[in-house]
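Residue numbers (this note's numbering): 437 to 490.
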Ligand SMILES: [Zn+2]
């Protein structure tokens, strides 16, 4: 079912961000990234990008 695939994609990519410094993947909500509440556990950076974008 299409809805199931969409849900899986959202689960895989929707809430995953990558640290711009060390490429650590972090699963969180986009609003928390935008609000600057998320810190990279490896390098303490606040710079993240969505995982899909190159
Ligand atoms: Zn990092």
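Note that CB positions come from ideal geometry on N, CA and C, so glycine has one too.
Just so it is clear, the structure is predicted and the values come from calculations on it, not from any experiment.
| Query | Result |
| --- | --- |
| Which listed residue (443, 441, 439, 456) has its alpha carbon closest to that of residue 486 | 456 |
| Span separating the alpha-carbon of residue 438 from that of residue 452 | 21 Å |
| Rounded C-alpha distance that separates residue 469 from residue 475 | 9 Å |
| Contacting residues, own chain, Cβ-Cβ under 8 Å from residue 484 (five flanking each side not counted) | 453, 454, 455, 456, 462, 469, 474, 476 |
| 8 Å Cβ cutoff met for residue 460 and residue 478 | yes |
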